[in-house]
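Protein sequence lines correspond, in order, to chains C, W and Z. According to my numbering, the residues represented by the first sequence are 1 to 139, in order. According to my numbering, the residues represented by the second sequence are 1001 to 1139, in order. According to my numbering, the residues represented by the third sequence are 2001 to 2139, in order. Here a beta-carbon is modelled for each residue, glycine too, at the ideal position from N, C-alpha and C.
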Amino acid sequence: MNDDDPISVVLFSGTDDRLQAAAVLTAGAAALGRPVHIFLQYWALDAFRADRIGATLPLAPEAGPEGRAAVDALAAAGQQSWSETLRMAKEIGEVDIQACSLSMDLLNIEQSELDPLVDGVEGVTAFFATASSGQLLFI
Amino acid sequence: MNDDDPISVVLFSGTDDRLQAAAVLTAGAAALGRPVHIFLQYWALDAFRADRIGATLPLAPEAGPEGRAAVDALAAAGQQSWSETLRMAKEIGEVDIQACSLSMDLLNIEQSELDPLVDGVEGVTAFFATASSGQLLFI
Amino acid sequence: MNDDDPISVVLFSGTDDRLQAAAVLTAGAAALGRPVHIFLQYWALDAFRADRIGATLPLAPEAGPEGRAAVDALAAAGQQSWSETLRMAKEIGEVDIQACSLSMDLLNIEQSELDPLVDGVEGVTAFFATASSGQLLFI
């Protein structure tokens, strides 16, 4: 495997912490010159709706009230949101974000209702065609 | 990495949405001719019990009532269940499903109590021996 | 990919079941001679605090009371905890555990407050520099 091999991410989760983890990993990989290909499914796709992308999202259940307070304190101190981190990652590197067509049907969304961070819609076989080399993550 | 490298999936989650995501990714990979090797742990293994495989399962907590309604509406409209999708994937490609022996002990299950979708039981070192090449996912 | 290629794990979750799954996969890979590199984020990092590492942790929500009872019964029967499994994995193989510097800030932790299982603190680009080859998991 080479250092410029792509990283493909199936982004499924719609919690703020997992979206932030995905965004930070994407920014780190992009900073190292690795292409990142994100495939949005289910609740992650829901979080990319244009009218929801700034909304407060839940955390993983194990976060508890203490974890919620920590995340809110960092946001109040000026931490970038996950969508801002992804926007920055797209500026510094090669980051492609595609919505899963099956999940578009599930959530009854049109592409025009998605935030411009999303580059397009594709099926799972198209995703795997580009994800055949390099590393693969499910978040 | 070659296009026919296997995809190995540690399938841990017992929610309907993550099982469906895993099944759809498996079917997509199988359609492209890639072998898929699934290793069932914990709550995913529990979902493959012969007497539970058709049962209604919870969703990820962030789905909320709106997400539940969307999933139920698609099922009512005739969407394949995750187990039907996996059955189809096994017909079109090379899909092997193994139960983790440690999780069998945890859940106190015998192989005869599992759905025939499950091909066998193996330990984690046997899993890694076959998963040493190709991509690896944890769902 | 070679059999001695590393496995890199972004360990995010702070539930007992996912930490145990990660520990068992790490021990299995280490037993086969594969180096394992673990990067602790969010609630997984929180679980490695020296004063919490033996504490009872929640399970994935889909475990339910039946799952909780199964996990508690196995622990009462003498099953190793996830931290003991990781300690053993470090004895038999090459297992490196790093805390994510961003998550250290989030949780307001100093390295001196972490269990000695943790070998150091690094940023996400340093993690990806070592994770550029081999398989990558997000748990």
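message = The alpha helix (DSSP H) that contains Gly93 (chain C), what's its start and end?
response = Where Gly93 (chain C) is concerned, there is no enclosing alpha helix (DSSP H), given that its DSSP letter is neither H nor E.
request  = Check each residue of the stretch 2060 to 2081 of chain Z: if its Cβ is closer than 9 Å to any Cβ of chain W, include it; give the result in chain order.
outcome  = Ala2060, Pro2061, Glu2062, Ala2063, Gly2064, Glu2066, Gly2067, Ala2070, Val2071, Ala2073, Leu2074, Gln2079
message = Bridge partners for Gln135 (chain C) per DSSP, in chain order?
response = C:Ile7
task = Look up Arg52 (chain C) in the DSSP assignment and say whether it is helix, strand or coil.
result = coil
key: Three-state secondary structure assigned by DSSP to Met1001 (chain W)   = Low confidence applies here, because Met1001 (chain W) scores a pLDDT of 46, under 50, leaving its location unreliable and the question unanswered by this model.
ask   = Does Phe1048 (chain W) come within less than 8 Å of chain Z when only Cβ atoms are used?
value = no
query = Counting contacts by CB-CB distance shorter than 8 Å, is Pro2058 (chain Z) in contact with chain C?
reply = Taking Cβ atoms only, chain C reaches closer than 8 Å to Pro2058 (chain Z), which makes this a yes.
query = How about Leu1106 (chain W) and Leu2074 (chain Z): do their beta carbons lie closer than 8 Å?
reply = yes
ask   = Are the C-beta of Ser83 (chain C) and some C-beta of chain W separated by less than 8 Å?
value = So no, Ser83 (chain C) is outside the interface.
inquiry  = Would Val2121 (chain Z) and Ile2097 (chain Z) be called neighbours here (beta carbons separated by less than 8 Å)?
reply    = no
query = Quick one: is Gly2014 (chain Z) buried, meaning 16 or more other Cβ sit within 10 Å of its Cβ, or exposed?
reply = Counting Cβ neighbours within 10 Å, Gly2014 (chain Z) comes out buried, since at least 16 surround it.
Through-space distance from Phe1012 (chain W) to Leu1040 (chain W), alpha-carbon basis = 6 Å
task = Look at Ile142 (chain C) and Gln111 (chain C) and say whether their C-beta atoms are less than 8 Å apart.
result = It is not possible to answer for residue 142 (chain C), since the shown part of chain C is limited to 1 through 139.
query = Opposite Phe127 (chain C) in the DSSP bridges: which residues?
reply = Phe127 (chain C) pairs with nothing; no bridge assigned.
ask   = When the cut-off is 8 Å and only beta carbons count, does Ile139 (chain C) lie next to chain Z?
value = yes
request  = Under 7 Å between beta-carbons, which chain C residues line up against Gly2014 (chain Z)? List them in chain order, please.
outcome  = Glu62
query = Mind checking Ala1077 (chain W): buried by the 16 CB within 10 Å criterion, or exposed?
reply = exposed
ask   = CA-CA distance, Ser1081 (chain W) and Ala1023 (chain W)?
value = Distance between Ser1081 (chain W) and Ala1023 (chain W), taken at the CA atoms: about 9 Å.
ask   = Is the distance from the Cβ of Ala1031 (chain W) to the Cβ of Tyr42 (chain C) below 8 Å?
value = no
inquiry  = Given this structure, state the Cα-to-Cα distance separating Ile2053 (chain Z) from Gly67 (chain C), to the nearest angstrom.
reply    = 17 Å
request  = Closer than 6 Å by C-beta to Gly93 (chain C): which residues in its own chain qualify, once you throw out the five before and the five after it? Chain order, please.
outcome  = Ala30
request  = Below 6 Å CB to CB, which residues in the same chain sit around Met1 (chain C) once its five sequence neighbours on both sides are set aside?
outcome  = For Met1 (chain C), the predicted structure reports a pLDDT of 46, less than 50, and the residue's modelled location is therefore unreliable. The matter cannot be settled from this model.
message = Rounded to the nearest angstrom, what separates Val2009 (chain Z) and Gly2064 (chain Z) at their Cα positions?
response = 27 Å
request  = Note down, in chain order, all residues in the stretch 18 to 29 of chain C with a beta-carbon under 9 Å from any beta-carbon belonging to chain Z.
outcome  = Arg18, Gln20, Ala21, Ala22, Val24, Leu25, Ala27, Gly28, Ala29
query = chain C partners of Ala2129 (chain Z), CB-CB under 8 Å?
reply = Leu32
ask   = How many Å lie between Ala126 (chain C) and Ser133 (chain C) at the Cα?
value = 13 Å
key: Supposed close pair Gly1033 (chain W), Asp1004 (chain W) - CB separation, criterion 8 Å   = Indeed they touch by this definition, with Cβ atoms about 6 Å apart.
ask   = By DSSP, does Gln20 (chain C) sit in helix, in strand, or in coil?
value = Of the three classes helix, strand and coil, the one that applies to Gln20 (chain C) here is helix, per DSSP.
inquiry  = Can you list, in chain order, the residues of its chain with a C-beta nearer than 6 Å to that of Pro58 (chain C)? Leave out the 5 residues immediately preceding and following it.
reply    = Thr15.
request  = Step through the CB atoms of chain W and report whether any lies within less than 8 Å of the CB of Gln135 (chain C).
outcome  = Yes, because at least one Cβ of chain W sits closer than 8 Å to the Cβ of Gln135 (chain C).
query = Within the 8 Å Cβ cut-off, does Gln2098 (chain Z) reach chain C?
reply = no
query = Any beta-carbon of chain Z closer than 8 Å to the one on Val1010 (chain W)?
reply = Cβ-Cβ to chain Z under 8 Å: yes for Val1010 (chain W).
Distance between Glu62 (chain C) and Ala89 (chain C) (C-alpha atoms, nearest Å) = If you take the alpha carbons of Ala89 (chain C) and Glu62 (chain C), they lie about 28 Å apart.
ask   = For a contact meaning CB atoms closer than 8 Å, what does Gln111 (chain C) contact in chain W?
value = Residues of chain W passing the Cβ test: none, with the nearest at roughly 18 Å.
query = Could you give the distance in angstroms between the alpha-carbon of Thr1085 (chain W) and the alpha-carbon of Asn2108 (chain Z)?
reply = 45 Å
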